[in-house]
Amino acid sequence: NAGVTQTPKFQVLKTGQSMTLQCAQDMNHEYMSWYRQDPGMGLRLIHYSVGAGITDQGEVPNGYNVSRSTTEDFPLRLLSAAPSQTSVYFCASSLAGGASPLHFGNGTRLTVT
Amino acid sequence: EDQVTQSPEALRLQEGESSSLNCSYTVSGLRGLFWYRQDPGKGPEFLFTLYSAGEEKEKERLKATLTKKESFLHITAPKPEDSATYLCAVQDNNAGNMLTFGGGTRLMVKP
Chain A
50 NAGVTQTPKF
60 QVLKTGQSMT
70 LQCAQDMNHE
80 YMSWYRQDPG
90 MGLRLIHYSV
100 GAGITDQGEV
110 PNGYNVSRST
120 TEDFPLRLLS
130 AAPSQTSVYF
140 CASSLAGGAS
150 PLHFGNGTRL
160 TVT
Chain B
13 EDQVTQSPEA
23 LRLQEGESSS
33 LNCSYTVSGL
43 RGLFWYRQDP
53 GKGPEFLFTL
63 YSAGEEKEKE
73 RLKATLTKKE
83 SFLHITAPKP
93 EDSATYLCAV
103 QDNNAGNMLT
113 FGGGTRLMVK
123 P
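If you read the protein sequences in the order shown, they are chains A and B. Note that the numbering used here numbers the first sequence so that position 12 is 61, with each residue one more than the last. Note that the numbering used here numbers the second sequence so that position 45 is 57, with each residue one more than the last.
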C-alpha cells in the first residue's frame, strides 16, 4: 500500500518559472490538502479538497492553484515562482468527516532562486 | 482563530531520562487533538488522536493526555530512536477536516 505519493522530491526553480507538484493517494480518501512547512512557522494549509471537483483555499493560498479531477490526484501548481515560495511542501489525505487523522506524503523540497 | 503552541522548541535528554512535551491550544470547539512524529526528510507520521478532556492514549514509551487547554506527550525512558520532531495539531468542530498545527518540539535523545 503506497499511501500518499509526492513527486518530485527535490526541485530548483528560477523566479518566474511555473511548475506542478504532483500528489496521488491510493486509500480512496475524499479529503486531500497541501501544506507548506517553513522553519519557525509550522505547517500551514495552502489549499484543500473534500472531493473530486471541489477545492477551497486555506491559510496561505496566494501564488498557488489546485484542481481535483479524480479522487486519487491533487496537483499543486505554482504559477510564477517567487523566492518566498522556497519551502517544503506536503500533501496529505484523510477520510472526510469526523476526527480522521491526516496521512502525509514525504514532501517536495522546493528552492526558488 | 484556532491557535496551537508547543513547548519547549527543543529538548535534549539522556537515554532513559523521562520528560514531557507540552501542547497548549485555543479552539472554539475541539473535534480532535492529534500528535504526529516527524523524522528528518520525511512527512509527519500519525501517533494519536484525543477527543475529550481526561482521555489518555499510549504507544510503547509514549503517552498522550488531554485537558481542556493543553495536551502532554509523556516520554518514559526514551531511547535514541525516539529522537524526532513531535507535532501537535487541533481540529475545530467548524473547520471540516482542516488541522491547525503547532511549531513542534525537536527531541534529541543521547545514548
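Yeah, the Cβ is synthetic: ideal placement off N, Cα and C, and Gly gets one too.
Report the CB separation of residue i from residue j in whole angstroms; it is logged as a contact under 8 Å.
i      : j      : result
A/T64  : A/P132 : 6 Å
A/T56  : A/Q71  : 5 Å
B/L119 : B/S95  : 6 Å
B/N105 : B/R43  : 5 Å
Note down the Cα distance separating residue i from residue j, rounded to an integer number of angstroms.
i      : j      : result
A/L94  : A/C140 : 10 Å
A/A101 : B/E13  : 28 Å
A/M76  : A/H152 : 10 Å
B/D51  : A/L128 : 30 Å
A/G156 : A/Y84  : 9 Å
A/L92  : A/I103 : 22 Å
B/K69  : B/R24  : 24 Å
A/T120 : A/T69  : 18 Å
A/S149 : B/N109 : 7 Å
B/S40  : A/S142 : 24 Å
B/E77  : B/Y37  : It is Thr, not Glu, that sits at residue 77 of chain B in the sequence shown. So the two alpha carbons sit approximately 13 Å from each other.
A/T160 : A/G112 : 15 Å
A/S98  : B/E29  : 43 Å
A/S79  : B/F46  : Reading off the sequence, residue 79 of chain A comes out as Glu, not Ser. Cα to Cα, the separation comes out at about 19 Å.
A/R126 : A/A51  : 23 Å
A/Q106 : B/T79  : 31 Å
So residue i contacts chain A; which residues on that side make the cut at Cβ distance below 7 Å?
i      : result
B/L111 : L151
B/R43  : A148
B/Q103 : A148
Could you pull out every residue in the same chain whose Cβ sits closer than 6 Å to the Cβ of residue i, ignoring the five residues on either side in sequence?
i      : result
B/P123 : E27 and P92
B/K81  : none
A/V137 : Q86, G156 and R158
B/G55  : none
A/M81  : S98, F123 and S142
B/L111 : A101 and Q103
Answer yes or no: does any C-beta atom of chain D fall closer than 9 Å to that of residue i?
i      : result
A/G102 : Checking the listed chains, one finds no chain D in this structure; the protein chains it contains are A and B.
Suppose the cutoff is 8 Å on Cβ atoms and the five residues either side in sequence are ignored; what does the same chain contact list for residue i look like?
i      : result
B/K71  : L59 and F60
B/R73  : I87, T88, A89, P90, K91 and D94
B/F113 : V16, L99, C100 and A101
A/T135 : L159, T160 and V161
Just to make sure I have the definition right: I need the residues of chain B whose C-beta is within less than 7 Å of the C-beta of residue i. Which are they?
i     : result
A/G91 : F113, G114, G115 and G116
A/H94 : Sequence inspection shows Leu at residue 94 of chain A; the His mentioned does not correspond to that position. Within 7 Å Cβ-Cβ: M110.
A/G65 : Within chain B, no residue comes near A/G65; the closest Cβ sits about 28 Å away, beyond 7 Å.
Identify the contact partners of residue i in chain B, using a Cβ-Cβ distance below 9 Å as the criterion.
i     : result
A/Y97 : G108, N109 and M110
For residue i, which residues of its own chain have a beta-carbon under 7 Å away from its beta-carbon, when the five flanking residues on both sides are left out?
i      : result
A/G146 : none
B/N34  : Q18, S19, E82 and F84
A/V61  : T160 and T162
For the region 128–149 of chain A, enumerate the residues whose C-beta is nearer than 8 Å to any C-beta of chain B, in chain order. From the region 128–149 of chain A, only F139, A141, S143, A145, G146, G147, A148 and S149 have a Cβ closer than 8 Å to chain B.
Name the residues in the region 46–79 of chain B whose C-beta lies less than 7 Å from a C-beta of chain A; which are they? Against chain A - using a Cβ distance shorter than 7 Å - the residues of the region 46–79 of chain B are F46, K54, G55, P56, F58, T61 and Y63.
Contacting positions in the region 77–89 of chain A - beta carbon closer than 7 Å to chain B: Taking 7 Å as the Cβ-Cβ cut-off against chain B, the residues of the region 77–89 of chain A that qualify are Y80 and G89.
Which of the residues in the region 110–123 of chain A, read from start to end, lie with their CB under 9 Å from any CB of chain B? Residues of the region 110–123 of chain A with a Cβ closer than 9 Å to any Cβ of chain B: none.
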